[in-house]
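To start, the structure under review is shown below, and the notes come after it.
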Amino acid sequence: MKDLREQLFYTPKNGYDRIGEEQRDAIFALGEDYKAFLNHARTERAAVQYCVQLAESAGFVPYREGMPLTAGDRIYTVNRGKAIMLAVIGRKSLAEGIRIAAAHVDAPRLDLKPLPLTQEAGELCTLRTHYYGGIKKYQWTAIPLALQGVVALRDGSVVDVEIGTHPGDPVFTVTDILPHLGKDQMAKSAAEAVTGENLRVLCGSVPEGDPKDSDRVRFAVLKLLNEQYGMTEADFLSAELSIVPAFPACDVGFDRALVGGYGQDDRSCAFAELSALAAVKVPEKTAVCIFADKEEIGSVGATGMQSQYFDMFIASLCRAQGVALLDCFGRSECLSADVSAAYDPLYAEAYEKSNSAVANYGMSLVKYTGSRGKSGSNDANAEYLGRLRRAFDDAGVVYHCCELGKVDQGGGGTVAGFMGNRNIETVDVGVPVLSMHAPFEVVSKLDVYMTTRAIRAFYMMDSDEEDGE
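With the numbering used here, letter number 429 in the sequence shown gets 520, and the count goes up by one each step, no holes.
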């Protein structure tokens, strides 16, 4: 009877109860590589640059239209420096479809306004910002921040800017009012306590020039920027500069089983995709990995998942084989690799526990996303989920099924819907995250490892080849 009960009931278990010592060592080893990735990938541009380095070290080469390709060839293409697609060519024709894992590498942050520099009363210089993505604004005050991005100068040159992430660098911050004088602020709701216009980043305080001038600190900051980067204030008009947390990724907890750091939504899944693809040798179907941009604001623009750049890349591969793009898409499969909300006992009222993702329970498998009645959802087909379950089970992947909180509580979306619109079978999978969209998010090393294994198993479905750990 006990065996029958175990056979009939579905009871997810903590992943550490399902693995051996050898796998535990592999989990913690991958965790070190993952932290290094996070520390290099604080913006989508930096993530793509680091991805190119890792990809080329794994044998990937830039794709050129018309280049000869055979099974096992490894290629990549970069879209405007902010998105990247990689592929390992499969044995089968593209007419039989491809297998895609799609993550995004943008994350909530503060972007500088077109004319950001201002000198406040009290002779403090600040940078005006416009927040990007869904944030709790109060979480971005009184923490160390870094400035990162690019500036296109008037002469046509482009300079990289990165201040606050290297040892010895200065950092920046958004100040907050002291509790002794914060009576009015404390009476407001959390959403109103800090306004978007007050997310001004402290960047200078020493004046320079004639004491009669009213903007001496602002002038001093511009002088420093001009000396170091050749910038004038007008060059802010053609800049992409972001404010991101300055602290590095680190281990969390006595047991070091968790990783804390910025941007793990969704760079945890991007890292898992890239690690999985790098381990693939010759798949049956062509395996594609996507690092997309702009997911946090609707996947819009030329570098977002709604862009035709993905279609153009796959169409180019299809032309080489005499295959129609729509025929390829109609037989393709996708894992929308995006994070899920990990159950947090401190806020249990927001979750329906039996259908929530749990840290250390492995990769989350999310049949549908959306909010309040599945609005904006991609709802995966049962047959597709059945195939994936068999592949994950056969590969020894620890995973569990979940949805994003209670039905009426809220919700969210991913790039899955845009892949589904292309007639591609798609389901969401990913890493459960605590404190999602905060400057300091927390994930389980085991969950990152199992997401990597799951994506690798997906790429190698129907293959007899052993691609190893």
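In this text, a Cβ means the ideal position worked out from N, Cα and C, and glycines have one as well.
Neighbourhood of residue i by C-beta, 6 Å cutoff - its chain only, sequence neighbours within 5 removed
i	result
E494	N446
E532	Q355, V524, S526
E253	Q239
Q276	I268, A284
N469	A507, G508, G511, T517
Y442	Y434, G496
C409	L185, L416, C419
V489	G106, R109, G453, M541
I189	K376, T377, V379, S423
G467	G461, G504
H221	D202, K204
C216	Q210, C294, G295, V308, R309, V312
Beta-carbon contacts of residue i that lie in its chain and below 8 Å, excluding the five residues immediately before and after
i	result
A281	K227, Y229
D306	Q210
P261	I254, G255
L328	P205, L206
Q412	S184, L185, A186
L121	S366, K536, V539, Y540, T543
G150	R165
L160	I166, I180, L408, A411
A393	N170, R171, Y400
Opposing strand residues paired with residue i [DSSP bridges]
i	result
C492	L456
G501	DSSP, once it has assigned bridges, lists no residue as partnering G501.
R190	A378, E424
P523	S431
L201	Y222, I334
L342	According to the sequence displayed, residue 342 carries Asp and not Leu. Bridge partners of D342: V350.
T568	Any property of residue 568 remains undetermined from this structure, which presents the chain solely from 92 to 560.
L177	Y167, C380
Residue i versus residue j - alpha carbon distance
i	j	result
D124	G421	36 Å
R547	I381	14 Å
R309	C360	41 Å
V250	A367	33 Å
T134	K173	9 Å
I334	K385	16 Å
K183	G487	26 Å
R115	K104	16 Å
M158	A117	37 Å
L99	K93	10 Å
E560	R544	Confidence is the limiting factor: at E560 the pLDDT is only 47, short of 50, which leaves the residue's position unreliable, though a coordinate-based value still follows. Approximately 8 Å, taken between the alpha carbons.
A127	G461	32 Å
T168	S296	44 Å
A152	A146	As written in the sequence, residue 152 is Val, which differs from the Ala given in the question. Approximately 8 Å, taken between the alpha carbons.
T505	D346	32 Å
R291	Q319	22 Å
P302	E214	12 Å
R478	H271	60 Å
G503	R463	10 Å
A363	A212	47 Å
M396	E113	38 Å
V139	E331	15 Å
T266	L218	12 Å
F401	Q500	34 Å
L177	F404	10 Å
L476	H491	12 Å
V457	R171	31 Å
G247	E324	16 Å
V143	L129	15 Å
V391	S398	7 Å
D485	G351	31 Å
L63	A340	The structure shown does not extend to residue 63, since the chain is modelled only from 92 to 560, so the question has no answer here.
A473	R481	12 Å
L236	E387	20 Å
Y141	V522	21 Å
Cβ neighbours of residue i in the same chain (closer than 7 Å, five flanking residues each side left out)
i	result
I234	T264, P336, P530
E590	The first residue shown for the chain is 92 and the last is 560, placing residue 590 beyond what the model contains.
E187	K376, R422
L316	M322
Y154	I166, Y167, T168
Proximity test, residue i beta-carbon vs the ligand NAD heavy atom, cut-off 8 Å
i	result
V262	The ligand NAD is not part of this structure, which contains no ligands at all.
**Request:** Enumerate, from N- to C-terminal direction, the unbroken beta strand (DSSP E) stretches of 3 or more residues contained entirely within the segment 216 to 256.
**Result:** Taking only runs of at least 3 residues, the beta strand (DSSP E) segments lying wholly in the segment 216 to 256 are 236 to 243, 249 to 254.
Three-pair Cβ contact test at 8 Å for the segment 199 to 212 versus the segment 148 to 166
Contact check between the segment 199 to 212 and the segment 148 to 166: fewer than three CB pairs, one atom from each, fall below 8 Å, which does not count as touching.
Practice prompt. Ignoring anything shorter than 3 residues or poking outside the segment 354 to 414, list the beta strand (DSSP E) runs there in chain order.
Written response: Counting whole runs of 3 or more residues, the segment 354 to 414 contains the beta strand (DSSP E) stretches 378 to 383.
Given 8 Å, three or more beta-carbon pairs between the segment 424 to 432 and the segment 505 to 524: Yes, they touch.
Q: Scan the segment 108 to 172 and note each continuous alpha helix (DSSP H) run of 4 residues or more that stays entirely inside, going in chain order.
A: DSSP runs (the alpha helix (DSSP H)) wholly in the segment 108 to 172: 112 to 131, 135 to 148.
- Task: Inspect the CB distances between the segment 534 to 543 and the segment 447 to 462 and report whether three or more fall short of 8 Å.
- Result: Look at the beta carbons and you see the segment 534 to 543 touching the segment 447 to 462: at least three pairs across the two are nearer than 8 Å.
*For the segment 298 to 324, which segments carrying the alpha helix (DSSP H) assignment without a break, of at least 4 residues, lie completely within its bounds, in sequence order?*
Counting only runs of 4 or more, we get 307 to 320.
Flag this pair as touching only if the segment 203 to 214 and the segment 434 to 442 have three or more C-beta atom pairs under 8 Å; answer yes or no. Contact between the segment 203 to 214 and the segment 434 to 442 is absent, because fewer than three Cβ pairs lie under 8 Å.
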